[in-house]
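Participant: Following this message is one structure expressed as structure tokens.
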């Protein structure tokens, strides 16, 4: 039903409800031919998350079309939609700040009049875009609002949950300097080896939790990047 709703909201001519993620050439062509690409169940995209993240940040496509000898460079016109039954589904590996997320309470089928109004709305949106090609870009204020709204849909990694449980952001005067590796070893020592932590996810979790990355050096270790932290009672 969710997929039927999304296809109804979009012009079938420019809608792709079955993207071939595994075939790179076909996927690249879809990015310049389709206006809307439906990724369907977003929580199932973990194995293709890096591919999706690349698509989201790819403004131009280099591709050789059928019956052409040379590659062409074309603008990516595709935007993406998807659905899921999970409230917490956004992950940093999916580019969580690039999604406009919202909950749907119910789905009503559109009658002919509603479909006509929807088509006119698309026409109006395109007319406004032609007046100002930059009108679809988010302002800094809008981006911050989007990031705040997205928080309720973000999944929390094990690393994120453990960091806020055992550490708190601090300063040079009051805290202890630790590198990402130091923090991983510290938390790993607390939780034991049954939970395997990831250095990259530790770094992402620190930034998301408000820890500020700085360069700091001393006579023993030299200048290193890391964070000033306070250890919470264990």
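Residue numbers (this note's numbering): 6 to 239. Glycine included, C-beta positions come from ideal geometry on N, C-alpha and C.
1) Beta-carbon within less than 8 angstroms of residue 64's beta-carbon, same chain only, minus the 5 sequence neighbours each way: which residues are those?
2) Comparing alpha-carbon positions, which option in 14, 68, 228 and 85 lies nearest residue 105?
3) So, are the CB atoms of residue 186 and residue 229 less than 7 angstroms apart?
4) Which two residues bound the contiguous alpha helix (DSSP H) that contains residue 67?
5) If we require 3 or more residues per run, which beta strand (DSSP E) segments fall completely within the region 70 to 146?
6) Under a three-way DSSP split, which group does residue 172 fall into?
7) What residue from 138, 96 and 140 has the CA that sits closest to residue 209's CA?
8) Which first and last residues belong to the alpha helix (DSSP H) in which residue 191 is found?
9) For residue 29, which three-state DSSP category applies?
10) Would you call the CB atoms of residue 34 and residue 56 closer than 7 angstroms?
11) Suppose you measure from the CA of residue 30 to the CA of residue 141; what does that come to, to the nearest Å?
12) Look at residue 37 and residue 66 and say whether their C-beta atoms are less than 7 angstroms apart.
13) Between which residues of its own chain and residue 162 is the CB-CB distance below 7 angstroms, once the five residues before and five after are set aside?
14) Can you tell me where the beta strand (DSSP E) holding residue 217 begins and where it ends?
15) Measure from the alpha carbon of residue 62 to the alpha carbon of each residue in 83, 43, 78 and 73, then state which is nearest.
Facilitator: Based on what the coordinates show:
1) Taking the chain shown and counting its residues from 1, one reaches residue 64 at position 59. Here residue 64 has 80 and 81 as same chain residues with Cβ atoms under 8 angstroms from its own Cβ, once five neighbours each way along the sequence are excluded.
2) For this step, residue 105 is matched to residue 100 along the chain shown. Selected option, being the one with the closest Cα: 85.
3) Against the chain shown, residue 186 aligns to sequence position 181. Against the chain shown, residue 229 aligns to sequence position 224. Not closer than 7 angstroms, so no.
4) Start at 1 with the first residue of the chain shown, and residue 67 comes out as number 62. Unbroken run through residue 67 is the beta strand (DSSP E), 65 to 68; no alpha helix (DSSP H).
5) 77 to 80 and 84 to 88
6) Taking the chain shown and counting its residues from 1, one reaches residue 172 at position 167. In the structure shown, residue 172 sits in a strand (DSSP, three-state: E or B).
7) As a first step, residue 209 must be located in the chain shown, where it is residue number 204. Checked all of 138, 96 and 140; the closest Cα to residue 209 is 96.
8) Residue mapping note: residue 191 aligns to position 186 of the chain shown, counting from 1. 185 to 196 is the extent of the alpha helix (DSSP H) around residue 191.
9) Numbered from its first residue, the chain shown carries residue 29 at position 24. DSSP places residue 29 in helix when its eight states are reduced to three.
10) Taking the chain shown and counting its residues from 1, the one referred to as residue 34 is at position 29. Taking the chain shown and counting its residues from 1, the one referred to as residue 56 is at position 51. Result no, Cβ atoms of residue 34 and residue 56 do not sit closer than 7 angstroms.
11) If you number the chain shown from 1, residue 30 lands on position 25. If you number the chain shown from 1, residue 141 lands on position 136. Going by the C-alpha atoms only, they are around 27 angstroms apart.
12) Translated into the one-based positions of the chain shown, residue 37 becomes position 32. Translated into the one-based positions of the chain shown, residue 66 becomes position 61. Taking 7 angstroms as the Cβ cut-off, residue 37 and residue 66 qualify as a contacting pair.
13) The residue you call residue 162 lines up with position 157 of the chain shown. For residue 162, where only same-chain residues beyond five positions count, the Cβ hits under 7 angstroms are 206 and 210.
14) Numbered from its first residue, the chain shown carries residue 217 at position 212. Where residue 217 is concerned, there is no enclosing beta strand (DSSP E), given that its DSSP letter is neither H nor E.
15) Working through the chain shown from its first residue, we reach residue 62 at position 57. Checking every option, the nearest Cα to that of residue 62 belongs to 83.
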